[in-house]
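Per numbering that gives the first Met the number 0, the sequence shown runs over residues 0 to 176. Ideal Cβ placement from N, Cα and C applies to all residues, glycine included.
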Amino acid sequence: MEGGFPGNGAGVRDVDRALVYSAEDQWSAAIDRGGPIDFFGSRLQLPVQLRFGDFAAAQAYLDRLVSSYPGTPTVALRTRRGAARAHYSQGVIAIPMQAPWACRESVLLHEFAHHLKATDSMSPGDGGADPSGQAAHGATFRGIMVRLAGDMQAPESGLLLRSCYESNGLAVPVYVD
Ligand SMILES: [Zn+2]
Numbered sequence: 000m001e002g003g004f005p006g007n008g009a010g011v012r013d014v015d016r017a018l019v020y021s022a023e024d025q026w027s028a029a030i031d032r033g034g035p036i037d038f039f040g041s042r043l044q045l046p047v048q049l050r051f052g053d054f055a056a057a058q059a060y061l062d063r064l065v066s067s068y069p070g071t072p073t074v075a076l077r078t079r080r081g082a083a084r085a086h087y088s089q090g091v092i093a094i095p096m097q098a099p100w101a102c103r104e105s106v107l108l109h110e111f112a113h114h115l116k117a118t119d120s121m122s123p124g125d126g127g128a129d130p131s132g133q134a135a136h137g138a139t140f141r142g143i144m145v146r147l148a149g150d151m152q153a154p155e156s157g158l159l160l161r162s163c164y165e166s167n168g169l170a171v172p173v174y175v176d
């Protein structure tokens, strides 16, 4: 999940990484179950996140992600042996398909968010002024994640993810189309 990409955030310390993982773990657990949750006194209906039983299913979902954001450069998917975590680097997402958690939608969205950030596809020019936006898991990354969850799953999922980040003290920029 490191998401290194030369020239895009390289050299900026990725200080938020552990808190981002922790926030996304909470969000992912909630959308594993789906259904209604209490959200600050309101009832929120969560979607159930997708799980991919094989490589072809994960590849098909990734193709759908790329086509959902016109202008996004293609991204390759490959399996990663002997690794616990998924990883993104220079247009390639590597996932350990033998690990059941890796076949979840939340993981593919996370790695695809690295791709969008690295290729400046969703928010061209963003992250220039705010150094925290430049880090691999910084504010720009989190804004992309929240938007992906809202677009690809449901607005409620994006809302919950934003709340998980913010309750960990992590700022999330608001996107204006
Ligand atoms: Zn990552």
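Notebook entry, point to check: G142 by DSSP, collapsed to three states: which one?
Noted result: The three-state reading of DSSP puts G142 in helix, counting H, G and I together.
Out of curiosity, what's the CA-to-CA distance linking G6 and D119? Note on G6: pLDDT 43, under 50, position unreliable in the model; the coordinate value appears next. Whole-angstrom Cα-Cα distance: 11 Å.
| field | Test item: CB-CB of I143 and A112 under 7 Å | value | yes
Cβ shell of L18 (< 6 Å), same chain only, five flanking positions each side left out: N167, L169
Query - Nearest-angstrom beta carbon gap, R50 and R103 [assumed within contact, 8 Å] - result: 6 Å
In three-state DSSP terms, what is Y87? In this structure, DSSP gives Y87 an extended state, which the three-state scheme calls strand.
Could you tell me the alpha carbon to alpha carbon distance between M121 and S67, rounded to whole angstroms?
11 Å
Worksheet entry | Inter-residue spacing [alpha-carbon to alpha-carbon] between I30 and V47 | Rounded to whole angstroms, the gap between the alpha carbons of I30 and V47 is 5 Å.
For Q25, I'd like the list of residues in its chain whose CB is within less than 6 Å of its CB, leaving aside the five on either flank, ordered along the chain. C163
Could you check what DSSP says for G157 in three-state terms: helix, strand or coil? helix
- prompt: Anyone know if the C-beta pair for H114 and V74 falls short of 7 Å?
  reply: yes
Pair within 7 Å by beta-carbon distance, E155 and L43 | yes
### Task
From the DSSP output, in three-state form, read off D150 for me.
helix
Legend entry - C-alpha gap between H86 and K116, whole angstroms: 14 Å
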